[in-house]
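Participant: Going line by line, the protein sequences match chains E and S. Note that our numbering has the first sequence beginning at 1360, numbered continuously upward. Note that our numbering has the second sequence beginning at 118, numbered continuously upward. Glycine included, each C-beta is placed from N, C-alpha and C at the ideal position.
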Amino acid sequence: MSWRLWLPLLAFAGFLGLAAYQLTQPRDEIVESRMIGKALPYFDLEPATASLPGAASDDFKDGQPRLLNIWASWCLPCIAEAPQLERLRNEGATIVGVAIRDRPEDVARFLERHGNPYAAIGSDDLSEVQLGIGSSGVPETFVITGTGKIAYQHIGDIRERDVPILLEKLREAGE
Amino acid sequence: MIAELGLAALWLAAALAVLQLVAGALAVRQDAASGETGIADLTRPATIVQGVFAALSFVALLYVFAITDLSVKLVADNSHSLKPMIYKLSGAWGNHEGSMLLWVTVLAASGALIAVVERRLPERMMQAVLAAQGFVALGFYAFLLLSSNPFERLPIPAQEGAGLNPLLQDIGLAFHPPTLYLGYVGLSVAFSFAVGALITRQVTPEFARAMRPWVLGAWVFLTLGITAGSYWAYYELGWGGWWFWDPVENASLMPWLAATALLHSTSVLAARDALRAWTIMLGVVAFSMSMLGTFLVRSGILTSVHAFAVDPQRGTFILFLLAIYIGGALLLFALRAGAVSEGARFSVASREGALVVNNVLLSAILAVVLLGTLYPLLTEAFDVRVSVGPPYFNPVGAIFALPMVAVMAVGPLLRWRRDGFGRIRRELALMGAVLVAALILVSLIGEVAFLPLLGLALAAMLALASVMPLRGRNLRRVPIATWGMVFGHLGLAVALFGMASESAFTKERLAALAPGEETTVGPWAVTLDQIAPAAGANWTAMEARLSARLEIGDPIVLTPQHRTFWAPPQQTAESVLATRWNGQLYAVIGNQAGATGAGPERWQVRLWWKPFVTWIWYGGVLIALGGALALIGHVQADWRRRLVRRKAAARRQEMGREQPT
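1) Less than 7 Å between C-beta atoms, sequence neighbours within five positions excluded: which residues of the same chain meet that for Leu630 (chain S)?
2) Is the separation between the beta-carbon of Gly410 (chain S) and that of Ala375 (chain S) shorter than 8 Å?
3) Quick check on Val422 (chain S): does DSSP put it in helix, strand or coil?
4) So Thr779 (chain S) packs on Ala232 (chain S), CB below 8 Å; how close in whole Å?
5) Hey, is Asp1403 (chain E)'s beta-carbon within less than 8 Å of any beta-carbon in chain S?
6) Grouping DSSP H, G and I as helix and E and B as strand, with all else coil, what is Phe682 (chain S)?
7) Beta-carbon separation of Ser1392 (chain E) and Phe1402 (chain E) under 8 Å?
8) Return the residue from the list S:Leu124, S:Phe182, S:Ala523 and S:Val189 that minimises the CA-CA distance to Tyr204 (chain S).
9) Between the C-alpha atoms of Arg191 (chain S) and Glu366 (chain S), what's the straight-line distance to the nearest angstrom?
10) Closer than 8 Å by C-beta to Leu255 (chain S): which residues in its own chain qualify, once you throw out the five before and the five after it? Chain order, please.
11) Taking all protein chains shown into account, decide if Ser464 (chain S) is buried (16 or more other Cβ within 10 angstroms of its Cβ) or exposed.
12) Assuming the contact rule is C-beta atoms closer than 8 Å, Val253 (chain S) and Ser309 (chain S) should be a hit. Round their C-beta distance to whole Å, please.
13) Under 8 Å, Cβ to Cβ, is there at least one residue of chain S near Pro1367 (chain E)?
14) Between Ser405 (chain S) and the rest of its own chain, which residues show a CB-CB distance below 6 Å, the 5 nearest in sequence each way excluded?
15) In this structure, how does DSSP classify Tyr301 (chain S) when only helix, strand and coil are distinguished?
16) Going along the chain, which residues of the stretch 1367-1382 of chain E sit with their C-beta nearer than 8 Å to a C-beta in chain B?
17) Assess contact between the stretch 748-768 of chain S and the stretch 613-626 of chain S, defined as three or more Cβ pairs (one per stretch) separated by less than 8 Å. Is contact present?
18) Exposed or buried, Met578 (chain S), counting other C-beta atoms within 10 Å across all chains shown (16 or more means buried)?
19) So that I know if they touch, is there some Cβ in chain S lying closer than 8 Å to that of Ser1416 (chain E)?
20) Whose C-beta lies closer than 6 Å to the C-beta of Ala712 (chain S) among residues of the same chain, with five residues either side of it excluded?
21) Can you give me the C-alpha to C-alpha distance between Val1488 (chain E) and Val1497 (chain E), rounded to a whole angstrom?
22) For Leu127 (chain S), count neighbouring C-beta atoms within 10 Å of its own C-beta (all shown protein chains included) and say buried if the count is 16 or more, exposed if not.
23) Measuring CB to CB, does Trp336 (chain S) end up less than 8 Å from Thr377 (chain S)?
24) Establish whether the CB of Val323 (chain S) and some CB of chain E are separated by less than 8 Å.
25) Which residue comes first and which comes last in the alpha helix (DSSP H) that contains Val457 (chain S)?
26) Taking a contact to mean a Cβ-Cβ separation below 8 Å, would you say Phe604 (chain S) touches Leu746 (chain S) in this structure?
27) Just to make sure I have the definition right: I need the residues of chain E whose C-beta is within less than 7 Å of the C-beta of Thr433 (chain S). Which are they?
28) Terminal residues of the continuous alpha helix (DSSP H) containing Ser384 (chain S)?
29) Mind the definition here: the stretch 1433-1451 of chain E touches the stretch 1472-1485 of chain E only if three or more C-beta pairs lie below 8 Å; say whether that holds.
30) At what residue ranges does the stretch 140-179 of chain S contain a whole run of the beta strand (DSSP E), taking only runs of 3 or more?
31) I believe Ala302 (chain S) touches Trp220 (chain S) by the beta-carbon criterion, under 8 Å. Please report the beta-carbon distance rounded to the nearest angstrom.
32) Is DSSP giving Gly714 (chain S) helix, strand or coil here?
33) Would DSSP call Ser583 (chain S) helix, strand or coil?
34) What three-state label does DSSP hand Gln319 (chain S) in the structure shown?
35) Residues in the same chain with beta-carbon distance under 6 Å from Ala654 (chain S), minus the five sequence neighbours each way, listed in chain order, please.
36) Which residue marks the beginning of the beta strand (DSSP E) containing Asp1425 (chain E), and which one marks its end?
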C-alpha cells in the first residue's frame, strides 16, 4: 500500500476541519476600514444643498479635528442618529457631512425636519469618497485629525452611549 | 391532500433507498462468499420504484405550486397567485427545499435508468454501483425530510404568497439552476460507478464505457449552465464583465474542470485500458467539487454576490454529508487503489501521453481555482481578511491553460499507444506557422498585452488544429463521436478567441453628456438624443435615447435605463447591447452628473465596444454541442455493438441446434 494514496484523504480532512471551525465561528457582518491611520484620499465635492458649502479633503488640514459623517436623506438610521449628531455639535464637534446618492431638495427637507448639525455637506453621487475612505454602508462616522488623517471609524448609527466615545476620540485626535 | 401524498411518496422513496443500499450491499458480500443470489434480485426493482416515487413527489410539488396552495409554507413563501404559470412552476425549484427535491428526483431517476438499461457490467459490480447510488440518495432524503421538508403546512393558510419579486422572474433564472443540477447529478452517477468499481476492484474498459455517457451528459449540462450564467451576469449586472471569479462561479467551474479531465481519462480507459486509478480518483473528485460548491453556496461561509440561500444549519448538514461521502470514498480509494492493477503502458508521444498531460494541466487549473476560492477561508481562521480576484486567477490560471491549449492542438493528431512527432511534422509545421503569423499580425494591429496576444495566437492555432483530424477522410464516414471532439475543441478555440479579443481590444468610454452631445467609443460615434422618464409595472426609470453610428450606415437607437424599483427599493442599471458580427456595443446610463451645477443637465453615459465578445458564448454552445455529439456517438456505437453481439449469439445458438441433426 502506498502512502501517497492517503494524501487526498488527508487534504480533505484538513478542509473539513477548517470548514467546521469556520461554521462554528460567529459571523461578523462589520467591515472595518483599512484606511484607519492613513491620510484622507483627495476629494472635492459639490455642495449637497444650497444653504451649506461643499466638502473637500483640503478643508481637513487646518489643524482642527473634525467628524466626517457619511449619510443620506433616504437612510432611516440616519434619522435615528440625527439627535446624537445634534448633541455632538453642541459639545463642540465640527461635523462635515457627505451625502451619498442624494438630491438637493431631499437634503434640504431632511435638514429642515431633523435639524442641521453640519458645518458643510458634500454631495457624493458615485460613492467615490465613501469607497475611498473604506466605508461599507450608511451611516458611518469617521474621526479625522487636524492633519487630515483618519483616526477612528464608527460603523452604523450613533447611539447615546457612543457620544462620549466619539468626543473622547475627537479630543485624542486634537492632541 | 396532494401535499401529504407528495410527502408520503418522498418517505417511501427514502425507504426504498434503504432497501436498495441494504440489498445491494448484501448482494456484493453474498456473491463474494457463495455465489448465491437472492436478495440481489431486489436491488434493481427497488431502484426503479424509488425513481417513480421521487418523481411523484416532485409532481406533487409542481401541482401545489401550479394551483398556489397557500396552506403549504413553501408556496406561501415563494409564490403568488398572480404570477404567470411558467414562473409559478419554476418557483417550485427556485428555493432551497424545492431545489433539493429536484436534485433527489433527478438522482433517483438516473438511478432507475441505470437499473433498467445497464446490463453490460458484471452483476456484482452493478449491485455495488446501485448500493452506492442508494447511499448517496439516502443522505439527501434525510436532509429533505429532517431539515427542509418542502411540503410543510402552515397552521393557518396565508392570504397571499410573498414571492412576487419581479427581479427573480426571469426566464434565464428559471432554467439556469436546473441545468447546473442536471450536471451535478450526472457527476454523482459517475461517483457511484467509481465507488462500485473500487468495491469490486474491477476497473475495466467496459466500466469506462458504461460510465462515459453519464460523464458526457453531466459535462454538456455543466457547460451550458456555465455559459448561460456567464452571459446573464454580463448583461444583467451592467459592469461589462463576463466572469468575476466569484466563489459561486468558481463552484460551477471546478466540477466542470474535474469533469473535463474525467471525460478524457475515461476515453483513455475505454480505448486503451490505462489510467485506471486516476480515472477513479477523478470520478470521486468531480462529485466532491459539485458537493463542495453546494456547501460553499448554501452555508454562507464565503461572502459572495449569490448570498441569498444562506443558512449555517443547512451548511452543517451538507458538510456532514460531504464528510461521509467524500471522506468515505477517499478512504476506500486509499485502501483499494493499490489493489487496482496498473493497466496498459504507453509512450509519451502518443494519444494517451497527450491526454495525460492534458489531465495534469486541467487538474492544476482546478487546484489553482480551488486554492483561490478557499484561501480567504483559510486566512480568516487567522483573522486576516483577504479577497482573491482576477489579479491572481487570470495569470496563474493562464500559466496552465495556455500550454493545455497547445497540447489540445497536437494530441488528437497522435496515434494511440506509440507514435512519433516526426510522423506529424507537416501538421506541426503548419500549426507553428499559423501561430507565428497570428502573433505577428496581432502585434502589428496595436499594443496588446502579453496574455491576450498569446491567447489570440493560440486560438487561431487551435481552430486550425481542431479540424485537422478530419483531413483526408470521407466526412460522411467520420464517427459521430469524432465530430463531437472536433466541435468541442473548435468551440474552445472560438471561446478563447472571444476572451482574448475582449481583453485585448475592449474600448471603454465614461462621459457626462448633455442632450445633443456626442462621444466616441471604438469605431462608434454615439449621440445622446434625449433623456426622458419611463415607467413600468413597479418601477420608474430615466431612459436615455442614444443613437450610435459607424462611419457608414444608418444610426441605431439604444435605450438604456436607470431604473428605480420601489418594492423592494432598489436601483438597477438596465444595460443595452447592440450586437454586430464582430462585437457588441454595451451602453449603460448612470446618475445625473453635477445636479446643482449651472448649465445644461448632464448624464453619465458608460459605453464599451467589445470586439468579438459574443464568441465566448458561441464557443460555450459549440463545446456543449460537441459533448452532445460525442454522447450520441458513443451511445449509438454501444447500441450497435450490443445488437451485433446479440445477433451473433442467436446465430451461434441456431447453428448449435442445427449441427446435431
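Facilitator: Short version:
1) Counted from its first residue, the second sequence places residue 630 (chain S) at position 513. Counting only Cβ-Cβ distances below 7 Å, and skipping sequence neighbours, we find Thr636, Leu645, Arg719, Trp720 and Val722.
2) Taking the second sequence and counting its residues from 1, one reaches residue 410 (chain S) at position 293. Taking the second sequence and counting its residues from 1, one reaches residue 375 (chain S) at position 258. A distance of 8 Å or more separates the beta carbons of Gly410 (chain S) and Ala375 (chain S).
3) As a position in the second sequence, residue 422 (chain S) is number 305, starting the count at 1. For Val422 (chain S), the pLDDT reaches just 41, beneath the cut-off of 50, and the residue's location in the model is therefore unreliable, leaving the point undetermined.
4) Because residue 779 (chain S) is not part of the residues shown, which for chain S are 118 to 778, the question remains open.
5) Position 44 of the first sequence, counted from the start, is the residue given in the question as residue 1403 (chain E). No, Asp1403 (chain E) lies away from the interface with chain S (no Cβ there is under 8 Å from its Cβ).
6) Here residue 682 (chain S) corresponds to residue number 565 of the second sequence, with the count starting at 1. Reduced to three states, the DSSP call for Phe682 (chain S) is strand.
7) To locate residue 1392 (chain E), count along the first sequence from 1; it is residue 33. To locate residue 1402 (chain E), count along the first sequence from 1; it is residue 43. Contact flag unset, no.
8) Against the second sequence, residue 204 (chain S) aligns to sequence position 87. Checking every option, the nearest Cα to that of Tyr204 (chain S) belongs to S:Phe182.
9) Numbered from its first residue, the second sequence carries residue 191 (chain S) at position 74. Numbered from its first residue, the second sequence carries residue 366 (chain S) at position 249. Residue 191 (chain S) is actually Leu in this sequence, not Arg. Roughly 27 Å separates the two Cα atoms.
10) Numbered from its first residue, the second sequence carries residue 255 (chain S) at position 138. Answer for Leu255 (chain S): Ala131, Ala134, Val135 and Leu138, listed in chain order.
11) Along the second sequence, one-based indexing puts residue 464 (chain S) at 347. When all chains shown are included, Ser464 (chain S) counts as exposed.
12) Position 136 of the second sequence holds residue 253 (chain S). Position 192 of the second sequence holds residue 309 (chain S). Cβ-Cβ separation between Val253 (chain S) and Ser309 (chain S): approximately 6 Å, consistent with a contact (criterion under 8 Å).
13) Translated into the one-based positions of the first sequence, residue 1367 (chain E) becomes position 8. Yes - at least one Cβ of chain S is within 8 Å of the one on Pro1367 (chain E).
14) Mapped onto the second sequence, residue 405 (chain S) falls at position 288. Ile443, listed in sequence order.
15) For this step, residue 301 (chain S) is matched to residue 184 along the second sequence. Looking at Tyr301 (chain S) - three-state DSSP - the assignment turns out to be helix.
16) Note that chain B does not occur in the displayed structure, where the protein chains are E and S.
17) When C-beta atoms of the stretch 748-768 of chain S are compared with those of the stretch 613-626 of chain S, fewer than three pairs fall below 8 Å, so the two segments do not count as touching.
18) Locating residue 578 (chain S) in the second sequence gives position 461, where the first residue counts as 1. By the neighbour-count rule (16 or more Cβ atoms within 10 Å), Met578 (chain S) is buried.
19) For the purposes of this step, residue 1416 (chain E) is identified with residue 57 of the first sequence, where counting begins at 1. Chain S contact via Cβ: absent.
20) Counted from its first residue, the second sequence places residue 712 (chain S) at position 595. Residue placement at Ala712 (chain S) is flagged as unreliable, the pLDDT there being 49, under the threshold of 50; the coordinate-derived value follows with that caveat. Contacts found: none.
21) As a first step, residue 1488 (chain E) must be located in the first sequence, where it is residue number 129. As a first step, residue 1497 (chain E) must be located in the first sequence, where it is residue number 138. So the alpha carbons of these two residues sit roughly 12 Å apart.
22) Taking the first residue of the second sequence as 1, we reach residue 127 (chain S) at position 10. It is buried - the Cβ of Leu127 (chain S) has at least 16 other Cβ atoms within 10 Å.
23) For the purposes of this step, residue 336 (chain S) is taken as the residue at position 219 of the second sequence. For the purposes of this step, residue 377 (chain S) is taken as the residue at position 260 of the second sequence. The answer is yes: Cβ separation under 8 Å.
24) To locate residue 323 (chain S), count along the second sequence from 1; it is residue 206. Before going further, note that residue 323 (chain S) is Glu rather than Val in the sequence given. No, Glu323 (chain S) lies away from the interface with chain E (no Cβ there is under 8 Å from its Cβ).
25) For the purposes of this step, residue 457 (chain S) is taken as the residue at position 340 of the second sequence. Note, Val457 (chain S): premise wrong, no alpha helix (DSSP H); not H, not E.
26) For the purposes of this step, residue 604 (chain S) is taken as residue 487 along the second sequence, with counting starting at 1. For the purposes of this step, residue 746 (chain S) is taken as residue 629 along the second sequence, with counting starting at 1. Yes, the Cβ-Cβ distance between Phe604 (chain S) and Leu746 (chain S) is below 8 Å.
27) The residue given as residue 433 (chain S) occupies position 316 in the second sequence. Those are Leu1382, listed as they occur along chain E.
28) Start at 1 with the first residue of the second sequence, and residue 384 (chain S) comes out as number 267. Pro364 to Arg389 is the extent of the alpha helix (DSSP H) around Ser384 (chain S).
29) yes
30) none
31) Here residue 302 (chain S) corresponds to residue number 185 of the second sequence, with the count starting at 1. Here residue 220 (chain S) corresponds to residue number 103 of the second sequence, with the count starting at 1. First, the amino acid is wrong: residue 302 (chain S) is Val here, not Ala. Correct: roughly 6 Å between the Cβ atoms.
32) Within the second sequence, residue 714 (chain S) is the residue found at index 597, counting from 1. Residue placement at Gly714 (chain S) is flagged as unreliable, the pLDDT there being 49, under the threshold of 50; the coordinate-derived value follows with that caveat. Note: Gly714 (chain S) maps to coil in three-state DSSP.
33) In the second sequence, residue 583 (chain S) corresponds to position 466, counting from 1. Reduced to three states, the DSSP call for Ser583 (chain S) is helix.
34) Walking along the second sequence from the start, residue 319 (chain S) turns up at place 202. Three-state DSSP puts Gln319 (chain S) in coil, outside helix and strand.
35) As a position in the second sequence, residue 654 (chain S) is number 537, starting the count at 1. Excluding sequence neighbours, Ala654 (chain S) sits near nothing in its chain.
36) For this step, residue 1425 (chain E) is matched to residue 66 along the first sequence. The sequence given here has Arg at residue 1425 (chain E), not Asp. Its beta strand (DSSP E) spans residues Arg1425 to Trp1430.
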